[in-house]
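Student:
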Amino acid sequence: MTFLFRSSLLLSICIALAACATLGGVRTLTLSEAELNERLQRQLPIERRMLELLEIRLSEPRLQLLPQSNRIALTLAVASRERLSGRAYQGRITIDFALRYDELRQAIRLEQVRVTDFLIDDLPPRQQAQTTRLGSLITEQLLKDLAVYRFKAKDLQAAEGMGYAPGAVTVTARGVEVTLVPRSSAQ
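The numbering of the sequence shown is the working numbering, which starts it at 3 and goes up by one.
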């Protein structure tokens, strides 16, 4: 065979393999930072009553993608009011977390939730330290395994009909990417 013929044959094989890989390979679904912020805005403010003693309101989300650690940071304004005394407090909390796909519940969930900063305005240092410890513990427990995105059944059925299923969830500079893998690889 001549060099030109072999080169053409090799190029044709490479193109065919690339086409096959594209047809049956991994695909991704990306939720941009703007889409994530929009979804957050629709879910906030969140208001909760804790043990009939404290009312808490979370609002003003600021989301930051942390692709280097495959995590997301979220800062929220915190407003709280003691029900017995009526005293009100303002502050900010910052958490970061990873994401995972939960096949059973067909949702993307928070995992490895960490409070990285919790500050209540105008609290004395000793009281701030106690509040930070307690607030961190409560927040991490409340948010652990929280569903932040649920797939619609029709979307999952459409993906499954094409032989795909959600796999890994990765934080990138572009947003959150959900890898759609061929169904045989996802199981």
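Just so it is clear, CB atoms sit at the ideal spot from N, CA and C, and this is done for glycine as well.
From a predicted model like this one, the values you see are computed outputs, not experimental measurements.
Can you tell me where the beta strand (DSSP E) with E179 in it begins and where it stops?
Tutor: Counting from one through the sequence shown, the residue named residue 179 turns up at place 177. Start and end: 177-184.
Student: Measuring only the C-alpha atoms, how far is M52 from M164?
Tutor: Within the sequence shown, numbered from 1, the residue matching residue 52 stands at position 50. Within the sequence shown, numbered from 1, the residue matching residue 164 stands at position 162. Going by the C-alpha atoms only, they are around 46 Å apart.
Student: By the 10 Å Cβ neighbour count, where 16 or more other Cβ atoms means buried, how is G137 classified, buried or exposed?
Tutor: Position 135 of the sequence shown, counted from the first residue, corresponds to residue 137. Answer is buried; the Cβ neighbour count reaches 16.
Student: Please return the same chain residues whose Cβ sits closer than 7 Å to the Cβ of R2, not counting the five positions on each side in sequence.
Tutor: Only positions 3 to 189 of the chain appear in the structure, and residue 2 is not among them; the question remains open.
Student: Using CA atoms only, rank isn't needed, just tell me which of E37, S87, V80 is closest to E54.
Tutor: If you number the sequence shown from 1, residue 54 lands on position 52. E54 has its Cα closest to that of S87, out of E37, S87, V80.
Student: Whole beta strand (DSSP E) runs in the stretch 34-110 with 3 or more residues, listed along the chain?
Tutor: List check, beta strand (DSSP E) in window: 48-52, 56-68, 73-84, 90-104.
Student: Taking the beta carbon of R50 as the centre, do at least 16 other beta carbons fall within 10 Å, making it buried, or is it exposed?
Tutor: Working through the sequence shown from its first residue, we reach residue 50 at position 48. Result: exposed.
Student: Just checking: is the beta-carbon of R107 within a distance shorter than 8 Å of some beta-carbon in chain B?
Tutor: As a matter of chain content, chain B is missing from the structure shown, which is built from one protein chain.
Student: Please classify L38 as buried or exposed, where buried requires at least 16 other C-beta atoms within 10 Å of its C-beta.
Tutor: Counting from 1 along the sequence shown, the entry for residue 38 is found at position 36. That one is buried.
Student: From Y91 to S61, what does the alpha carbon distance come to, in whole angstroms?
Tutor: Looking up residue 91 in the sequence shown gives position 89. Looking up residue 61 in the sequence shown gives position 59. Going from the Cα of Y91 to the Cα of S61 covers about 14 Å.
Student: For the beta strand (DSSP E) containing G169, list its first residue and its last residue.
Tutor: By 1-based counting over the sequence shown, the position of residue 169 is 167. Residues 166-174.
Student: According to DSSP, what are the bridge partners of F120?
Tutor: Stepping through the sequence shown from its first residue, residue 120 is reached at position 118. For F120, which the question treats as bridged, DSSP gives the partners I95.
Student: Is the separation between the beta-carbon of A167 and that of V183 shorter than 8 Å?
Tutor: Within the sequence shown, the letter at position 165 stands for residue 167. Within the sequence shown, the letter at position 181 stands for residue 183. Cβ atoms of A167 and V183: closer than 8 Å.
Student: To the nearest angstrom, how far is the alpha carbon of A81 from that of E162?
Tutor: Locating residue 81 in the sequence shown gives position 79, where the first residue counts as 1. Locating residue 162 in the sequence shown gives position 160, where the first residue counts as 1. Computed Cα separation, rounded: 44 Å.
Student: Quick one: residues in its chain with C-beta nearer than 7 Å to the C-beta of S14, no 5 flanking neighbours on either side, listed in chain order?
Tutor: Counting from one through the sequence shown, the residue named residue 14 turns up at place 12. Unreliable placement is indicated for S14, whose pLDDT of 34 sits below 50; the coordinate value is still reported in the next sentence. No residues qualify anywhere along the chain.
Student: Relative to the C-alpha of V117, which residue among I140, R111, Q70, D104 is closest?
Tutor: Within the sequence shown, the letter at position 115 stands for residue 117. Ranking the options by Cα distance to V117, first place goes to I140.
Student: What did DSSP end up calling L148 once you bin it into helix, strand or coil?
Tutor: As a working note, residue 148 is residue 146 in the sequence shown. Residue state, collapsed to three classes: coil.
Student: Let's test the definition: count the other Cβ atoms within 10 Å of the Cβ of G27 and tell me whether it reaches 16, buried, or not, exposed.
Tutor: Start at 1 with the first residue of the sequence shown, and residue 27 comes out as number 25. Exposed, since its Cβ has fewer than 16 Cβ neighbours within 10 Å.
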